[in-house]
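Student:
Protein chains: 2
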Amino acid sequence: MIILSKLADYGVIVATHLAAYPARQVTAGTVAIETRLPQATVAKVLKALAHSGLVTAARGAGGGYRLARRATEISVAEVVAAIDGDIGLTQCSVHVDECARTTYCPTRPHWAAINRAVGEALSAISLDAMLTPAAFVPRMASPAAPQPDEPRFSA
Amino acid sequence: MIILSKLADYGVIVATHLAAYPARQVTAGTVAIETRLPQATVAKVLKALAHSGLVTAARGAGGGYRLARRATEISVAEVVAAIDGDIGLTQCSVHVDECARTTYCPTRPHWAAINRAVGEALSAISLDAMLTPAAFVPRMASPAAPQPDEPRFSA
DNA sequence: TATTAACGGACCAAATCGGTCCGATTTAGG
DNA sequence: CCTAAATCGGACCGATTTGGTCCGTTAATA
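As you go down the protein sequences, you meet chains A and B in turn.
Count the first sequence with the numbering used here and you get residues 192 to 346, in order.
Count the second sequence with the numbering used here and you get residues 192 to 346, in order.
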């Protein structure tokens with residue numbers, strides 16, 4: 192299974208690209224070329240980012256986008272949430288009222304702890320951190336060979 | 192966005208239900224009734240769990256399913272992976288070869304660290320733990336009011 | 001006033017997902 | 001044996017979501 196939608200993935204790429212040149216104001220078309228992503232899709236992604244306030248948009252000639260905050264102060268979690276919406280593991284996490292099992296489902300309360308962990312993992316890394324070279328990423332390779340029977344969480 | 196598919200969610204519910212009566216061998220129909228889930232879907236879920244070796248299946252009259260291991264030794268991560276497949280945040284996490292951006296995409300290596308965190312969160316909790324009362328779930332409620340501008344990771 | 005570029009939304013094709021159903025196979029019991 | 005009970009392994013469909021494109025409108029610059 193893949194957790195992030197393609198759009199959210201693009202969102203992180205685009206936002207990280209903007210973070211690489213903080214002062215510059217760029218058009219959606221330029222970002223598309225530089226990231227080698229389809230331009231119509233990049234425009235859609237930037238619209239979503241602008242709508243959530245992560246980037247500021249300037250219309251008209253000479254307009255374009257730029258980060259609304261410093262790259263150290265925007266987390267991957269925010270970018271993902273801007274495009275895919277608020278993050279929850281299960282149906283009842285996001286749409287609490289629509290779950291008829293609320294009263295008798297024993298597993299439900301336990302998702303909260305896992306949810307926190309996922310959220311914190313996504314919140315802990317900033318766009319600025321995404322720009323640092325891969326060599327500095329902590330524990331990128333598995334310390335030991337993965338157990339064959341264990342589910343894999345690959346890079 | 193919702194991370195787990197409905198089927199995977201059902202899988203955890205069903206597996207947890209089996210964990211509640213470790214010695215019993217039950218049919219898919221019985222599990223469906225007791226969990227109040229549609230029986231055809233429960234059958235599908237149990238098939239997937241059996242295929243991955245998490246539960247053992249006995250065919251024929253008097254057959255049914257039971258956990259293959261003790262409830263303390265099966266993690267939520269395994270149940271989810273059995274139904275939704277191996278877990279990865281991005282496309283390039285799961286289908287490494289299909290990503291044309293591999294060579295120049297700066298963000299790619301950084302997903303590994305986040306991936307680990309998500310995987311560990313899902314691996315840390317066992318089916319047995321899912322059965323413990325909600326009052327013992329650590330830090331279920333937020334210690335402080337959530338920041339309005341921060342993405343939410345609700346229960 | 002013309003050009004540039006974001007905005008807002010509609011729109012479509014494709015893929016995925018939830019859910020059901022059926023024939024084949026296996027086991028237990030009378 | 002023969003029948004009933006169950007899983008197994010797929011196929012299958014309808015609904016929803018998703019990825020991606022396009023267009024008219026608005027706003028800003030020169």
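Virtual Cβ for every residue (Gly too), placed ideally from N, Cα, C.
(1) Could you spell out the range, first to last residue, of the beta strand (DSSP E) harbouring valine 217/B?
(2) Leucine 240/B and alanine 273/B - do their beta-carbons sit closer together than 7 Å?
(3) Determine the extent of the beta strand (DSSP E) in which tyrosine 256/A is found, giving its start and end residues.
(4) Going by DSSP, name the residue or residues bridged to alanine 248/A.
(5) CA-CA distance, threonine 232/A and methionine 192/A?
(6) Interface residues of chain B around leucine 198/A at Cβ under 7 Å?
(7) Quick check on histidine 301/A - is its C-beta less than 7 Å from some C-beta in chain B?
(8) Only counting the same chain, and skipping five residues up and downstream in sequence, which positions put a Cβ closer than 8 Å to that of leucine 280/A?
(9) Taking 7 Å as the CB-CB limit, is glycine 276/A close to chain B?
(10) Taking the alpha helix (DSSP H) that serine 284/B belongs to, which residues open and close that run?
(11) Given 6 Å as the limit, tell me if isoleucine 278/A has its C-beta closer than that to any heavy atom belonging to the ligand GTP.
(12) Is the separation between the beta-carbon of serine 243/B and that of serine 314/B shorter than 7 Å?
(13) Against chain B, with Cβ distances strictly below 7 Å, would leucine 245/A count as a contact?
(14) Which residues of the stretch 193–223 of chain B have a Cβ closer than 9 Å to any Cβ of chain A? Give them in chain order.
(15) What does alanine 248/A touch in chain B if you count any residue whose Cβ is under 7 Å from its own?
(16) Within the continuous alpha helix (DSSP H) that includes isoleucine 274/A, where are the two ends?
(17) Please check if any C-beta of chain B sits within less than 7 Å of the C-beta of threonine 232/A.
(18) Note down, in chain order, each residue of its chain lying with its Cβ closer than 7 Å to the Cβ of threonine 207/A, except the 5 sequence neighbours on either side.
(19) Distance, Cα to Cα, proline 297/B vs alanine 199/A?
(20) Using a Cβ-Cβ cutoff of less than 6 Å, which residues in the same chain neighbour glutamine 216/A once the five nearest sequence positions on both sides are dropped?
Tutor: So, to answer that:
(1) Unbroken run through valine 217/B: none, as it is neither H nor E.
(2) yes
(3) 255–258
(4) Tyr256/A
(5) 23 Å
(6) Per Cβ cutoff of 7 Å: no residues; leucine 198/A is ~10 Å from chain B at best.
(7) Contact with chain B is found for histidine 301/A, since one of that chain's Cβ atoms lies less than 7 Å from the residue's Cβ.
(8) Trp302, Ile305, Asn306 and Val309
(9) yes
(10) Annotation for serine 284/B: the continuous alpha helix (DSSP H) segment containing it runs 282–285.
(11) For the ligand GTP, the structure offers nothing, since it holds no ligand at all.
(12) no
(13) no
(14) Ile193, Ile194, Leu195, Ser196, Lys197, Ala199, Asp200, Val203, Ile204, Thr207, His208 and Ala211
(15) Under the 7 Å cutoff, chain B gives no residues; its nearest Cβ is about 18 Å from alanine 248/A.
(16) 267–275
(17) no
(18) Leu318, Met321 and Leu322
(19) 16 Å
(20) Gly255 and Arg257
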